[in-house]
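Notes to accompany the following structure.
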Amino acid sequence: MTRFFGFFTVPAEIDGRTYPMVVDTGSDQTTIEPAMANVWHLQEDKFGEHKVTGLGGEAGWHYPRILSSLKLGAPEWIDLRVSPTSFAFVAKRAREARLPAPIGFLGSNILTRYDVELDFPARTMALYSVSNCVGRFVPWSGQFTAFSADLTRRNRFVLHISANGHPIRAVIDTGAETSIAAKASIAGTGADLTAMEKTVPLYNFGWDGEPIASYRHSVDLDIGAERFPSASIEVGDIALPDFDMVLGMDYLRGRRVWLSYSTGWVFMQRMDAS
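To convert, note that position 60 of the sequence shown is 66 in our numbering; the numbers rise steadily by one, no gaps.
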């Protein structure tokens with residue numbers, strides 16, 4: 007994997023050429039930049055429309071395009087349906103830094119074929135074919151945490167964690183640079199939202215490049231066996247379906263993460279775990 011600002015990309019081979027794509031466990035669809043889809047003259051699939059949604063809003067309905075071949079190492083996907091979606095904030099950053107921009111995001115329609123190991127400190131992604139596995143089956147040494155996650159209908163992994171002792175649901179999203187909680191969800195944890203909103207807002211950007219205002223707030227977070235007292239998290243007036251908080255790359259990048267699409271389990275190991 008290669009770090010691209012707060013994201014991580016992997017090399018994807020498309021019709022014999024290699025391009026960087028962001029690994030995005032928060033998306034149920036794999037996307038491609040519309041300009042590239044047009045240059046490659048990708049055929050539209052007229053049998054069904056898709057709509058991409060995210061923190062920045064909705065992209066509207068569109069017909070998926072058909073990639074004849076996409077490879078991640080040896081595994082190959084033939085006639086893969088991808089959503090032609092432009093992620094304006096990623097392209098803008100790439101232009102400003104004079105870096106090649108990722109051509110798209112790899113979503114769960116790619117990832118669910120395997121169990122996925124993302125070792126962010128080592129910058130590697132491994133895909134495993136898994137069957138009949140139970141318990142703490144990952145081939146890791148040292149201490150690690152196992153989570154019995156909820157796997158949503160859109161194949162997102164949602165963890166049960168707590169903020170100030172109150173249970174909340176957090177989605178694992180490698181396509182989000184920053185962890186952020188929904189204002190409506192955090193209101194029940196004892197947060198003083200009035201005082202919080204008097205502070206200077208921060209701004210993240212959704213997929214469409216539109217700014218999303220958020221505020222810093224301190225909460226006591228418990229994620230598995232780990233406790234983060236007075237953790238400074240971002241809280242925004244955003245709608246999050248099926249969960250209350252996004253666990254983004256600011257939390258994940260120092261960890262090795264195993265997402266078991268075959269069992270619904272999630273395993274995490276800090277880089278300094280022993």
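Backbone N, C-alpha and C fix where the C-beta goes; we use that ideal spot for every residue, glycine too.
Here's the rule I'm using: 16 or more other beta-carbon atoms within 10 Å means buried, otherwise exposed. How should residue i be labelled?
i      : result
Ile186 : buried
Ser280 : Residue placement at Ser280 is flagged as unreliable, the pLDDT there being 39, under the threshold of 50; the coordinate-derived value follows with that caveat. By the 10 Å Cβ count, Ser280 comes out exposed.
Thr15  : buried
Gln275 : buried
Glu55  : exposed
Phe273 : buried
Asn44  : exposed
Val140 : exposed
Arg104 : exposed
My guess is that residue i and residue j are in contact by the Cβ rule of under 8 Å, so how many angstroms apart are they, rounded?
i      : j      : result
Ile229 : Ile167 : 5 Å
Ser137 : Tyr120 : Wrong, their Cβ atoms sit about 11 Å apart, outside the cutoff.
Phe126 : Arg259 : 5 Å
Ala188 : Ala245 : 7 Å
Glu19  : Lys98  : With a Cβ gap of about 26 Å, Glu19 and Lys98 do not count as contacting.
Ala169 : Leu227 : 6 Å
Thr205 : Arg233 : With a Cβ gap of about 25 Å, Thr205 and Arg233 do not count as contacting.
Thr163 : Leu265 : The question names Thr, but residue 163 in the sequence shown is Phe. Confirmed, about 6 Å.
Met255 : Gly12  : 5 Å
Asp30  : Gly181 : 3 Å
Gly148 : His172 : Wrong, their Cβ atoms sit about 31 Å apart, outside the cutoff.
Could you check the C-alpha separation between residue i and residue j for me, to the nearest Å?
i      : j      : result
Leu48  : Leu73  : 7 Å
Leu208 : Pro217 : 9 Å
Thr24  : Ser236 : 43 Å
Glu50  : Ala231 : 47 Å
Tyr257 : Ser114 : 20 Å
Arg175 : Trp46  : 40 Å
Ala128 : Phe10  : 15 Å
Ile192 : Pro145 : 36 Å
Pro70  : Leu112 : 14 Å
Ala219 : Glu123 : 32 Å
Ser75  : Ile239 : 40 Å
Phe53  : Thr200 : 49 Å
Trp271 : Leu165 : 10 Å
Met42  : Pro17  : 16 Å
If you measure between the beta carbons of residue i and residue j, is that distance less than 8 Å?
i      : j      : result
Thr130 : Met7   : yes
Val177 : Gly32  : yes
Gly79  : Met27  : no
Val96  : Asp179 : no
Ala100 : Ala107 : yes
Tyr267 : Leu117 : yes
Between residue i and chain D, is there a C-beta pair that is closer than 8 Å?
i     : result
Gly12 : Of the protein chains in the structure, only one exists, and it is not chain D.
The stretch 88–99 in contact with the stretch 35–42 per 3-pair CB rule at 8 Å: yes
Contact between the stretch 246–257 and the stretch 157–174 (3+ Cβ pairs under 8 Å): yes
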